[in-house]
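Protein chains in written order, with this note's numbering: chain D, 722 to 981; chain H, 722 to 981.
Glycine residues also receive a C-beta, built at the ideal position from the N, C-alpha and C atoms.
Protein chains: 2
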Amino acid sequence: MCYLKIEMVWWGALAEFLIRKLEHFTSLSSDDKQALDQAARQRTRRIRSRDDIVHEGDLPQGVNLILEGWACRYKTLEDGRRQIIAYLLPGDLCDHNVAILREMDHSIGTVTAVTLAEIPTETMRQLTSGHARLSQALCWESLVAAAIQREWTVNIGQRTAFERLGHLLCELYVRLRAVGLTQGCACELPLTQAEIADTIGLSVVHVNRTLQELRSVGLISLRGRELTIHRLDALQRAVQFNPNYLHLGREGRHLDSNEV
Amino acid sequence: MCYLKIEMVWWGALAEFLIRKLEHFTSLSSDDKQALDQAARQRTRRIRSRDDIVHEGDLPQGVNLILEGWACRYKTLEDGRRQIIAYLLPGDLCDHNVAILREMDHSIGTVTAVTLAEIPTETMRQLTSGHARLSQALCWESLVAAAIQREWTVNIGQRTAFERLGHLLCELYVRLRAVGLTQGCACELPLTQAEIADTIGLSVVHVNRTLQELRSVGLISLRGRELTIHRLDALQRAVQFNPNYLHLGREGRHLDSNEV
DNA sequence: AGATTGTTATAACAAAAGTTAGTTACGAGG
DNA sequence: CCTCGTAACTAACTTTTGTTATAACAATCT
C-alpha cells in the first residue's frame, strides 16, 4: 500500500516514460526519480508533426528527452533516398554525450507532434555524478540504443521483407509496452507506409504487399494508426524476433498502462 | 626536432594505433599516452584466425583493445544466416561499459589472427577519471563507433550493390589510413567474398559480380589480400561516400605509414 | 462544397539479386 | 611434386523486389 502510494506521487512525472524504462534495468530511488524529473522540467519544447528537431551539419547541443510523440533519426543521400536509422519513442534519450562532436552526421525529425525536454549538458553531468544508480541506468539506456542499431543492421541485411517488417513491428510493440504505451495487444503506429519503407530498405509498394501478407496470415491488424498483434509469440517465431537485444531483464513481462 | 623526438618515444607503444586514432580528435599529453599504454600492457592475448573472442550469451567482460589484426562483431540467426555488424581494426576498442549488461547479445570473432589487450573495468575507470582529455577522446571513440553503425544501416538499407560494396571499401581504407595502416592507395583486405557478402547483405555470387564491376570500371584492384583504390575521390563520388560520419576532423588528411 | 494533396491499394512489367551447380585457381601440407 | 580444401569465378535460371501507372479513399484547405 505504502509502495503504491509512493508510485502515485510519480504518476504524471514529466520523465515518467524514461523512469519506467530505466526501471526495467534497476530500481531507482525516489531521489533519483525526482532529480530526473527536475532535469526534464527545466526546458520543454513542442514540435509539430513531420518537422526537424536537429539537422545534419548542426552543432550538437545538449541531451533531448522525448516526453511524448514519435521522432526518428534519419539520413538523406544526395539523390533524395532517405534511410530512417532509429525511432525515438517516449522515454528515449537522444544524443547523450554527442556535444563532443563538431557536427551532427544525421538529422532528427518528428513523426507525430513531439514534446521534448532539453536537458543541458551541465545538468546531465550533475545527474550522473551525483546519482550512481541513475548514472548506470542511463549508461544502460545508451547501450540498449546501440544494441537496437546493431539489430537493425541484421534485420535489413539478412531478413526477408516479411521478416523485416514483422521484426520492426515486434520491436516497436515491445518497446512501447516497456513504457506502458500498449493497450492489450494493440498499440499506436503513426507511420506511413513510405516511412516504413525508408526504415526497412524496401519500396512503398513492397511494404504494402508485405503488410497484406502479414494481415492475410492473421498475424496483425492495422487500421488507421492502430496496430494489433494478434499473437505476439506466433509473430516472434515467424520473423525470428528475439527480444534479448533490448535487455529488458524480465523479457515477456506484461506492463500495460491499464494494469499498473 | 624535439617534437619528433617525443613522438619517437611512442613509436612501438602497444596502444600505438589507438593513440594515433584518438589524436585525430584531440592531442594527448605524454602522460595520457603513457597511461593508455600501461593499461594495454596489463594483459594481452593472441587469438588465431577465424576464432571467437566472445560469444553471444556470454557474461560481458572488461574492455578489449585490438592491437593487431582484424576482428568483427556478428550475429547468427537460427537458420544459419549471419550478419557481420562491425569490423574491429587495430586501435579499435570494444565494449566500453558493456559490463553493465547481463549478457552479450552478439558475438565477436577474428578475421585474421588477432592480438588484443584486455583492459580491466577498474583500470578503465581509473584512466577516465584521472585523465579528462583522454576520457573525452575515448568518449569520441565510442560516438564514432555508433556513427559507423548508423552509416551501415544507411548503406545496407538504401544503396545499390555497387554502392554498398564501394562504400564499405572506402570506409575500411579511410579507417586504416587513420591509424597509418595504408601504403599509398593500397591496404590489406583480409576478407573472403563470403565475409563481404555477410557484411553488406548480398549473396557471395553477387558480391563477386559487383567486385568484377568495380574492377572493370578501373576504380579498384584486388589481388590476394591487397586492395588498391586507384582514385579514392572518384570512388567516393561513385558510391556517395561522405566520410563526415567518421569525425576525423581533418577529413581528406593523408597519413601514410611511410609519411609520418 | 469543391479542390488539393497525401495515403493506401493494385496491376503489369522491369530490374536486381538469389540459387544452384558447376569449374577454375590457389595455397597448405604431406 | 601432388593432393586436398578453400576461395574465386562463371553461367543458367528463379525469385524477389523495384518501377510506373492508376484508382480509391481520406484528410485538409479554401
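So for residue i, helix, strand or coil by DSSP?
i	result
residue 969/D	coil
residue 907/H	strand
residue 930/D	helix
residue 773/H	strand
residue 785/D	strand
residue 863/D	helix
residue 946/H	coil
residue 767/D	strand
residue 792/D	strand
residue 804/H	strand
residue 993/D	Because chain D in this structure spans residues 722 to 981, residue 993/D falls outside the shown range and cannot be described.
residue 924/H	coil
residue 895/D	helix
residue 743/H	helix
residue 819/D	helix
residue 939/D	coil
residue 962/H	coil
residue 839/H	strand
residue 956/H	helix
residue 778/H	coil
residue 735/D	coil
residue 889/H	helix
residue 902/H	coil
Against chain H, with Cβ distances strictly below 9 Å, would residue i count as a contact?
i	result
residue 799/D	yes
residue 711/D	Residue 711/D is absent from the model: chain D starts at 722 and stops at 981.
residue 974/D	With a pLDDT of only 40 at residue 974/D, under the threshold of 50, the placement of this residue in the model should not be trusted; the figure read from the coordinates follows. So, not an interface residue.
residue 882/D	no
residue 740/D	no
residue 879/D	yes
residue 872/D	yes
residue 804/D	yes
residue 868/D	yes
residue 961/D	yes
residue 724/D	At residue 724/D the pLDDT is 43, less than 50, meaning the model places this residue with poor confidence; the figure from the coordinates comes in the next sentence. For residue 724/D, the answer is no, since every Cβ of chain H falls outside 9 Å of its Cβ.
To which residues of the same chain is residue i closer than 6 Å at the C-beta, ignoring the five residues directly before and after it?
i	result
residue 824/D	778
residue 928/H	914, 917, 918
residue 769/H	834
residue 746/H	858, 861
residue 952/D	none
residue 776/D	828
residue 923/H	882
Can you find a CB in chain D that lies within less than 9 Å of the CB of residue i?
i	result
residue 875/H	yes
residue 927/H	no
residue 896/H	no
residue 785/H	no
residue 776/H	no
residue 970/H	yes
residue 957/H	no
residue 966/H	yes
residue 930/H	no
residue 794/H	yes
Between residue i and the rest of its own chain, which residues show a CB-CB distance below 8 Å, the 5 nearest in sequence each way excluded?
i	result
residue 977/H	Bear in mind that the predicted position of residue 977/H carries a pLDDT of just 44, short of 50, making it too unreliable to give a figure here.
residue 934/D	883
residue 856/H	848, 849, 850
residue 806/H	793, 794, 795, 796, 827, 870, 873
residue 889/H	876, 917, 920, 921
residue 910/H	890, 893, 943, 946, 947, 948
residue 967/D	865, 868, 869, 892, 895, 896, 899
Return yes when the Cβ of residue j is within less than 9 Å of the Cβ of residue i, no when it is not.
i	j	result
residue 884/H	residue 908/H	no
residue 861/D	residue 821/H	yes
residue 864/D	residue 819/H	yes
residue 992/H	residue 812/H	Nothing about residue 992/H can be reported from this structure: the residues present for chain H run from 722 to 981 only.
residue 749/H	residue 961/D	no
residue 739/D	residue 809/D	no
residue 786/H	residue 837/H	yes
residue 780/D	residue 895/D	no
residue 803/D	residue 879/H	yes
residue 854/D	residue 772/D	no
residue 841/D	residue 762/D	no
For residue i, I'd like the list of residues in its chain whose CB is within less than 7 Å of its CB, leaving aside the five on either flank, ordered along the chain.
i	result
residue 949/H	906, 907, 941, 942
residue 957/D	891
residue 789/D	811, 835, 836
Members of the stretch 807–840 of chain D that neighbour chain H once the beta carbon cut-off is set at 8 Å: 807, 818, 819, 821, 822, 823, 824, 826, 827
Residues of the stretch 846–863 of chain D whose Cβ lies closer than 7 Å to any Cβ of chain H, in chain order: 857, 860, 861
Near-chain H residues of the stretch 742–764 of chain D (beta-carbon distance less than 7 Å), N- to C-terminal order: Here the close residues number zero.
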